[in-house]
Structures are given as C-alpha cells and as structure tokens.
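Here the structure comes first, spelled out in structure tokens, and everything after it is commentary.
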Amino acid sequence: MLQIEIDRLNKHYAGFHALKDINIAIPRGSFVALVGPSGCGKSTLLRTLAGLEKTSSGDIRIAGTSVIGKPPRERDVAMVFQSYALYPHMDVEHNMNYSMRLKRRPKPEIAERTRAAAETLGLGSLLDRLPKALSGGQRQRVAMGRAIVRNPKVFLFDEPLSNLDAALRVHMRSEIRKLHERLKATSVYVTHDQVEAMTMADHIVVMRAGVVEQQGSPLDLYDKPANKFVAGFIGSPAMNFIPAIVSPDGHSLTIEGDAATMLVLDRKLAPGARLWAGLRPEHLSLTPVAGSLAIDAVVASVESTGSMTFIMVAVGAQQLVVAHSGRPGVEKGGAVRLHISPRNIHLFDRETELAVS
Ligand code: ATP
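Take the sequence shown: its position 11, counted from the start at 1, is 11 in the UniProt record's numbering, and no numbers get skipped.
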C-alpha cells in the first residue's frame with residue numbers, strides 16, 4: 001500500500017524551474033532519503049509534501065487522497081527541521097505537546113502522549129528544562145518528540161542532524177532508524193550526506209538540478225548506478241573515473257593517453273567507443289584476486305586514518321584513489337600494482353554519461 005505518491009510534480013519559482021516532473025512512490029512504513037548536492041531541490045520537494053510550498057503542476061497523494069491545495073495542518077504530516085524550531089520560552093514538555101494543546105485535546109491524553117514520547121526518546125528527566133539548557137542532541141530529540149506526539153501518518157525530516165558534531169550525528173542516525181523501526185511511520189528524510197542516506201534509508205532518491213536521477217535501494221544504487229552522476233555521488237570516497245577507449249575487437253579497454261594499460265572486459269562493447277571507466281576506491285586491491293586485472297601505478301601520496309589507508313596513485317596521466325583497510329606499507333614514489341575484478345568496472349558513455357552494459 002502506497003502512503004505517498006508524487007506524480008509528475010513541477011515547481012516553478014519566479015523564472016526558476018526547481019522541480020521537474022518528479023515521480024516517486026513511497027510504500028507505507030518505508031524510510032526514504034532524498035539526497036543530492038546543494039540546490040538540487042530536495043528541501044523544496046519536502047516542503048511541497050508538507051504543504052509549506054505551493055506546487056505548479058502534478059499531484060501529491062497521501063494515503064490515496066490528493067493533498068494539493070490543502071494547508072499543512074490538514075495533511076497529517078509532522079516536520080522536523082534542521083534548526084529544531086523549538087519555542088525558547090517553553091520547557092521541553094510544553095514544546096512537545098504544543099500542537100495538542102492548540103487543538104484542545106483532553107488533558108489526560110496530552111499527558112499520556114507526552115509521557116510516552118518522552119520515554120521513547122529518553123527525555124523523561126528533562127521535561128522542565130528550557131531549550132537553552134539542553135545540548136544539541138537533546139534539542140534534536142525534543143524536536144523529534146514534538147513530531148511523535150502528533151502521531152502523524154508521515155514524518156518529514158529536513159537535514160535534522162546537520163547541526164550536530166560528527167560523533168553525535170552517527171549516534172542520532174541509529175537512534176532515528178531504531179525509532180523508525182518501532183513506530184513504523186512513513187518517513188521522508190532530506191540530507192546532502194550520502195552516507196547518512198545509505199545507512200538510514202530503505203529507498204534513496206538521488207536528485208540533481210530539480211530532476212530525479214535515480215531511485216532504488218541503497219545497494220542497488222551502489223551496485224548499478226544508472227549514470228556517472230549517481231555513480232560519483234553514492235559511495236565514499238567517490239568513484240574514480242578514467243577516460244577509456246574500447247579496443248578494435250570490443251573485448252578490452254585502453255586508458256586514454258596510456259596505451260600500456262589494457263583492461264580485458266567481461267562483456268563485448270562497441271569497438272572504438274569512448275567511455276568513462278568507473279573504479280571504486282574500495283575495489284582496487286593491492287593483492288590479486290581470482291580473475292582480477294592488473295593496473296601498474298605510482299604512489300603520489302598516502303593518508304591514513306588508523307584503520308583505513310587512502311592511497312593516491314598515478315596511472316599514466318590519471319589520478320586514482322585506492323581505499324585499503326589496514327596499513328599497506330606503501331610509500332610515496334613507490335610502484336604498486338592494483339588489481340580489480342572485471343565485474344567491478346563500471347562503464348559510462350562519455351557523451352550521455354549513461355551506464356553502458
Ligand atoms: P540545500 O542542500 O542547499 O538546502 P536543496 O537541494 O534543499 O539545497 P532547495 O532549497 O530545494 O535546494 O532549492 C532548490 C533551488 O530552488 C535552488 O536553486 C534555490 O536557489 C531555488 N529556490 C529555493 N527557494 C526559492 C525561492 N523562494 N525563490 C526562487 N528560487 C528558490
């Protein structure tokens with residue numbers, strides 16, 4: 001059963017086409033991440049779902065009913081903002097139950113729902129604190145609590161973790177995910193951080209310049225990116241791209257400007273085709289694996305985080321990043337041989353940038 005259907009949705013600001021023919025179907029209970037670079041339209045899309053922004057054409061249905069023209073309060077959605085948007089003069093309890101008080105819900109119901117939300121979020125001991133006496137993570141929880149007490153059909157999150165430090169962000173990611181598993185409410189989550197999207201969502205929508213470039217499960221996007229943009233956006237560190245040309249027999253690739261490196265393919269392609277070869281840093285190995293291809297390279301620099309080592313190498317005129325777990329003992333200026341399995345070579349047309357298979 002679909003909870004949200006976005007159907008050929010367009011949004012024009014004065015002279016600017018911010019959302020272009022967006023189609024997204026969101027099953028009930030799923031956690032969807034909208035990702036993309038700054039300015040791609042993800043907040044605009046979320047705000048049109050909330051009813052905070054008018055649409056220009058197309059339809060949005062929530063639980064089967066069109067909500068176009070309906071004000072936010074009639075859509076049964078709750079939004080959690082990046083800024084938390086807490087009332088500074090109200091304590092945690094009153095921030096959380098503000099919407100129910102506004103609707104004049106019975107006092108026992110207000111008390112019970114506030115208590116339950118506070119317990120879910122571990123806010124029980126902070127109910128009489130003002131926002132200024134809370135940490136960033138606690139404020140974020142209050143903002144979530146305010147959404148939870150309303151028991152909405154849909155939660156909308158607009159970069160809710162971007163004001164938190166890295167460690168707290170990782171912690172809150174798993175808290176929000178756990179909460180989602182408990183409440184099972186349909187959630188739409190905007191982030192520019194693809195790692196956040198990959199770890200939290202069951203469905204990811206990748207946007208660029210107002211267009212949906214691809215949508216699917218996190219691993220689908222990682223394994224089968226539809227184009228070079230999605231391939232470069234999903235995965236960290238980002239995929240390496242090298243210009244390559246298909247050999248006259250169609251069975252191998254040579255790297256442009258470096259005839260010495262020949263990559264034999266596991267598929268036959270159009271002879272002479274000009275492609276981008278996409279190699280993920282984590283798929284380039286310093287040791288051979290069964291059936292792998294070899295690429296000779298020179299180490300340009302080495303960065304280690306302790307557990308991971310990122311090696312920048314030169315292959316002819318091309319620069320690549322290699323991600324190695326552990327400490328490989330390579331040095332700047334040293335020669336290395338990289339190995340990659342043919343099935344891990346992604347190929348994209350150089351003109352259209354679409355995946356070639
Ligand atoms: P960010 O990650 O930076 O928040 P975003 O993907 O959420 O970016 P939006 O805020 O949705 O992007 O903006 C999408 C595009 O629409 C941007 O180019 C922005 O400049 C434009 N835009 C947003 N609001 C308006 C407005 N009120 N009038 C005109 N253009 C707008």
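Ideal Cβ placement from N, Cα and C applies to all residues, glycine included.
Model, not experiment: these values are computed from the prediction.
Span of the beta strand (DSSP E) holding residue i?
{"i": "Glu213", "result": "211 to 216"}
{"i": "Gln319", "result": "318 to 325"}
{"i": "Asn97", "result": "Unbroken run through Asn97: none, as it is neither H nor E."}
{"i": "Thr191", "result": "186 to 191"}
{"i": "Thr309", "result": "308 to 315"}
{"i": "Thr305", "result": "It is not in any beta strand (DSSP E) - Thr305 carries neither H nor E in the DSSP assignment."}
{"i": "Ile242", "result": "240 to 246"}
{"i": "Arg237", "result": "According to the sequence as given, residue 237 is Pro; it is not Arg. No beta strand (DSSP E) holds Pro237; DSSP gives it neither H nor E."}
{"i": "Asp258", "result": "258 to 264"}
{"i": "Leu253", "result": "252 to 255"}
What does residue i pair with, by DSSP beta-bridge criteria?
{"i": "Ile62", "result": "Ile4, Thr65"}
{"i": "His346", "result": "Gly278"}
{"i": "Leu354", "result": "Asn227"}
{"i": "Asn10", "result": "Ser57"}
{"i": "Val336", "result": "Ala297"}
{"i": "His89", "result": "Paired residue(s): none; His89 is not in a bridge."}
{"i": "Val80", "result": "Phe157"}
{"i": "Phe16", "result": "Tyr13"}
{"i": "Val206", "result": "Val35, Gln214"}
{"i": "Ser285", "result": "His339"}
{"i": "Pro27", "result": "Leu2"}
Rounded to the nearest angstrom, how far is the Cβ of residue i from that of residue j, given a contact under 8 Å?
{"i": "Gln140", "j": "Tyr84", "result": "6 Å"}
{"i": "Val298", "j": "Gly333", "result": "7 Å"}
{"i": "Arg327", "j": "Thr309", "result": "6 Å"}
{"i": "Ile295", "j": "Thr254", "result": "The pair is not a contact, with the Cβ atoms about 12 Å apart (cut-off 8 Å)."}
{"i": "Val77", "j": "Met144", "result": "Contact doesn't hold; Cβ gap of about 14 Å is too wide."}
{"i": "Val356", "j": "Leu269", "result": "7 Å"}
{"i": "Ala300", "j": "Val313", "result": "6 Å"}
{"i": "Glu93", "j": "Thr120", "result": "With a Cβ gap of about 14 Å, Glu93 and Thr120 do not count as contacting."}
{"i": "Ile22", "j": "Leu2", "result": "About 15 Å separates the two Cβ atoms, so there is no contact after all."}
{"i": "Ala201", "j": "Val32", "result": "6 Å"}
{"i": "Leu275", "j": "Ala231", "result": "12 Å between Cβ atoms; not a contact."}
{"i": "Gly136", "j": "Asn95", "result": "Their Cβ separation, rounded to whole angstroms, is 15 Å, which puts Gly136 and Asn95 out of contact at 8 Å."}
Need the endpoints of the alpha helix (DSSP H) that residue i sits in, please.
{"i": "Met198", "result": "194 to 200"}
{"i": "Val142", "result": "136 to 148"}
{"i": "Ala170", "result": "The question names Ala, but residue 170 in the sequence shown is Val. It spans 166 to 183 - the alpha helix (DSSP H) in which Val170 sits, taken as one unbroken run."}
{"i": "Ile110", "result": "107 to 121"}
{"i": "Ser38", "result": "Note, Ser38: premise wrong, no alpha helix (DSSP H); not H, not E."}
Between residue i and the ligand HEM, is there a pair consisting of the residue's CB and a ligand heavy atom that are separated by less than 7 Å?
{"i": "Gly39", "result": "The ligand HEM is not among the ligands present in this structure, which contains only the ligand ATP."}
Should residue i be labelled buried (16 or more other beta-carbon atoms within 10 Å of its own) or exposed?
{"i": "Pro160", "result": "buried"}
{"i": "Lys184", "result": "exposed"}
{"i": "Val264", "result": "exposed"}
{"i": "Pro152", "result": "buried"}
{"i": "Gly278", "result": "buried"}
{"i": "Ser30", "result": "buried"}
{"i": "Glu196", "result": "buried"}
{"i": "Gly51", "result": "buried"}
{"i": "His89", "result": "exposed"}
{"i": "Ala290", "result": "exposed"}
{"i": "Glu213", "result": "buried"}
{"i": "Lys178", "result": "exposed"}
{"i": "Arg173", "result": "buried"}
{"i": "Leu284", "result": "buried"}
{"i": "Ala117", "result": "buried"}
{"i": "Leu219", "result": "exposed"}
{"i": "Leu134", "result": "buried"}
{"i": "Thr352", "result": "exposed"}
{"i": "Met8", "result": "According to the sequence displayed, residue 8 carries Arg and not Met. That one is exposed."}
{"i": "Leu123", "result": "buried"}
{"i": "Ala259", "result": "exposed"}
Check whether the Cβ of residue i lies closer than 8 Å to any Cβ atom in chain B.
{"i": "Gln140", "result": "Checking the listed chains, one finds no chain B in this structure; it contains a single protein chain."}
### Message
For the structure I just gave you, are there three or more beta carbon pairs, one from the stretch 201 to 211 and one from the stretch 29 to 37, closer than 8 Å?
### Response
With a cut-off of 8 Å, the stretch 29 to 37 and the stretch 201 to 211 count as touching, because enough Cβ pairs lie within range.
### the stretch 41 to 61 contacting the stretch 10 to 30, beta-carbon criterion three pairs below 8 Å
Taking 8 Å as the limit for Cβ pairs, the verdict is that the stretch 10 to 30 does touch the stretch 41 to 61.
### Query
Okay, do the stretch 153 to 172 and the stretch 186 to 193 touch, 3+ Cβ pairs below 8 Å being the bar?
Short answer: they touch.
### Query
Can at least three beta-carbon pairs, one atom from the stretch 58 to 70 and one from the stretch 217 to 229, be found at a separation below 8 Å?
Judged by Cβ distances under 8 Å, the stretch 58 to 70 makes no contact with the stretch 217 to 229, as fewer than three pairs qualify.
### Query
Are the stretch 240 to 255 and the stretch 315 to 325 touching by the rule of at least three beta carbon pairs closer than 8 Å?
Three or more beta-carbon pairs separated by less than 8 Å link the stretch 240 to 255 to the stretch 315 to 325, which places the two stretches in contact.
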